[in-house]
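Residue numbers for the sequence shown follow our numbering, beginning at 543 and rising by one.
C-beta: ideal position from N, C-alpha, C; glycine also.
Read the structure below first, then the notes.
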Amino acid sequence: MASITAKALDTLEATFAASGREEKVAIIGAGNWGSAAAMIIGRNCAKLDIFDDNVTVWCLEEKVDGGNLTDVINSTHVNVKYLPDHKLPENVRAEPDLVKSVAGATLLVFVLPHQFLARTCKTLKGHLAENVKAISLIKGIDFDDSGPQLMTNVIKRELGIEACALSGANIANEIAAGKFCESTIGYESKETGALFFALFNEPNFRISLVQGVAAPQVFGAIKNIVALGAGFCDALEMGNNTKAALMRIGLIEMYRFATQYFQGVDTATMVESCGMADLITTCMGGRNRRVAEAYARSRLEKGDDHRTWEDLEAEMLNGQKLQGTGAAKEVFQILTRDNLLDKFPFLVTLYRIAFEGKPIEDVVHIPEEHFLPSSLTSKAAATVASA
Ligand SMILES: NC(=O)C1=CN([C@@H]2O[C@H](COP(=O)(O)OP(=O)(O)OC[C@H]3O[C@@H](n4cnc5c(N)ncnc54)[C@H](O)[C@@H]3O)[C@@H](O)[C@H]2O)C=CC1
Ligand SMILES: O=C(CO)COP(=O)(O)O
Numbered sequence: 543m544a545s546i547t548a549k550a551l552d553t554l555e556a557t558f559a560a561s562g563r564e565e566k567v568a569i570i571g572a573g574n575w576g577s578a579a580a581m582i583i584g585r586n587c588a589k590l591d592i593f594d595d596n597v598t599v600w601c602l603e604e605k606v607d608g609g610n611l612t613d614v615i616n617s618t619h620v621n622v623k624y625l626p627d628h629k630l631p632e633n634v635r636a637e638p639d640l641v642k643s644v645a646g647a648t649l650l651v652f653v654l655p656h657q658f659l660a661r662t663c664k665t666l667k668g669h670l671a672e673n674v675k676a677i678s679l680i681k682g683i684d685f686d687d688s689g690p691q692l693m694t695n696v697i698k699r700e701l702g703i704e705a706c707a708l709s710g711a712n713i714a715n716e717i718a719a720g721k722f723c724e725s726t727i728g729y730e731s732k733e734t735g736a737l738f739f740a741l742f743n744e745p746n747f748r749i750s751l752v753q754g755v756a757a758p759q760v761f762g763a764i765k766n767i768v769a770l771g772a773g774f775c776d777a778l779e780m781g782n783n784t785k786a787a788l789m790r791i792g793l794i795e796m797y798r799f800a801t802q803y804f805q806g807v808d809t810a811t812m813v814e815s816c817g818m819a820d821l822i823t824t825c826m827g828g829r830n831r832r833v834a835e836a837y838a839r840s841r842l843e844k845g846d847d848h849r850t851w852e853d854l855e856a857e858m859l860n861g862q863k864l865q866g867t868g869a870a871k872e873v874f875q876i877l878t879r880d881n882l883l884d885k886f887p888f889l890v891t892l893y894r895i896a897f898e899g900k901p902i903e904d905v906v907h908i909p910e911e912h913f914l915p916s917s918l919t920s921k922a923a924a925t926v927a928s929a
């Protein structure tokens, strides 16, 4: 783990001031987190010489109360649909045209529900300035024939640009309210990591830097599945000890999944904000947990007439998106393909409860190997199997 000292940040600013160069920022996505992130970015761009003051945020156009959402944002500085109780800084402007939103931009901040990233990048292809760098704030992973794909790889594949990843215990509404929290930026090149550190770090939004982009992204995607289990646990009113046990077991499978499919994931990153802390906040206060509780309660009360995930997402989230259900399906598919279901019993159980009608109560049917000392690496699974 590393951080940038105030002195190093001053030096970075002085270098930019001397060169007369400024980075121009475009944010791709104006949902709940996109809007809260725009508050931080807007403030830092107005404050630091490294950045052009003006920030553009691409906002998929939609109607609110008969008007265009972008017009409402630009006249009131409030994203009334996705972050209604907070004002965006006045140097942040919403733009409905995706290609226009990146005109002249040198730093791109991708903050979309993960299922929309690849197609959004395809539209941007051929419209970027030279030497653009990106950061992904997205919590999700894609899957193709070669296996799980990091969001940063999707950006690299589609646009040919370097991308960092920011992930952490970051419930957007709490950040918008200015409550203290931490986040983690994973980087490949130190210089780019330093630039994004400057763009995001604030006294109440403290950034730590880690080398490598895989761990923050994989943890961020898989904890959304574990949060479904936290919701099932709450519907069963099982209490805090049970939920803590499910989080611990979920953390182990998050780490296993990350090391199974990606290089350079080390255990230390699990205790960064993007690991354990994000898992905790999502399992206590996130949307995945909340909707999963409602889904499980509906099944417990109504049996076969229960509400669907799609109904509950639309009814409870007003346009915001669940990321855990899609991730649960995608992870299950890849584990099936790779014959690895036995190695991830908890994630598989969560999928089967969510999509195959397995009883909600099975959320606490944990296999023996998860209580053995070496379960982090799943060597325990092998020991049990060969006994
Ligand atoms: N909201 C939160 O507290 C946090 C969210 N995240 C992650 O950030 C990412 C973005 O989340 P939010 O900003 O909360 O979004 P959100 O959940 O509020 O989703 C709504 C956004 O999706 C956009 N959208 C809908 N259909 C689209 C399409 N076809 N193409 C492109 N965009 C479309 C909407 O315009 C809106 O901006 C997700 O991966 C999420 O897991 C990460 C940390 C915190
Ligand atoms: O990622 C989050 C907090 O860090 C938000 O999680 P949810 O999408 O479940 O609200």
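Following the DSSP letters along the chain, one finds residue 686 inside the beta strand (DSSP E) bounded by residues 684 to 686. When distances are taken from the beta-carbon of residue 742 to the heavy atoms of ligand 1, even the shortest one reaches 7 Å or more. By the neighbour-count definition (other C-beta atoms within 10 Å, threshold 16), residue 712 is a buried residue. Within its own chain, the residues whose Cβ lies closer than 8 Å to the Cβ of residue 665, once the five positions on either side in sequence are excluded, are 640, 641, listed in chain order. A distance below 6 Å between beta-carbons, with the five flanking residues on each side excluded, links residue 571 to the following residues of its chain, in chain order: 653, 654. For residue 657, DSSP assigns no beta-bridge partner whatsoever. With fewer than 16 other Cβ atoms inside 10 Å of its own Cβ, residue 813 counts as exposed. The C-beta distance from residue 793 to residue 818 rounds to 6 Å, short enough to fall under 8 Å. Per the Cβ contact rule, the stretch 678 to 687 is not in contact with the stretch 775 to 791 (fewer than 3 Cβ pairs under 8 Å). Boundaries of the beta strand (DSSP E) around residue 747: 747 to 753. DSSP links residue 597 through a beta bridge to 634. When the beta-carbon positions are compared, residue 824 and residue 766 come within less than 8 Å of each other.
In the three-state DSSP reduction, residue 902 falls in the helix class (H, G or I). By the neighbour-count criterion, in which a residue is buried when 16 or more other Cβ atoms sit within 10 angstroms of its Cβ, residue 584 is buried.
For residue 753, the closest of 734, 746, 764, 698 by C-alpha to C-alpha distance is 734. For residue 636, same chain residues with a beta-carbon under 7 Å away, outside a window of 5 residues either side, are 572, 599, 601, 612, 615, 616 in chain order. The stretch 879 to 888 makes no contact with the stretch 851 to 865: fewer than 3 CB pairs, one atom from each, lie closer than 8 Å.
Shortest gap from the CB of residue 654 to any heavy atom of ligand 1: under 7 Å. Look at residue 713 here: in three-state DSSP terms it is coil, with no helix or strand label. Looking at the DSSP output, residue 567 sits in a beta bridge with 649. Two segments are said to touch when three or more pairs of C-beta atoms, one from each, lie closer than 8 Å; by this definition the stretch 694 to 710 does not touch the stretch 889 to 905.
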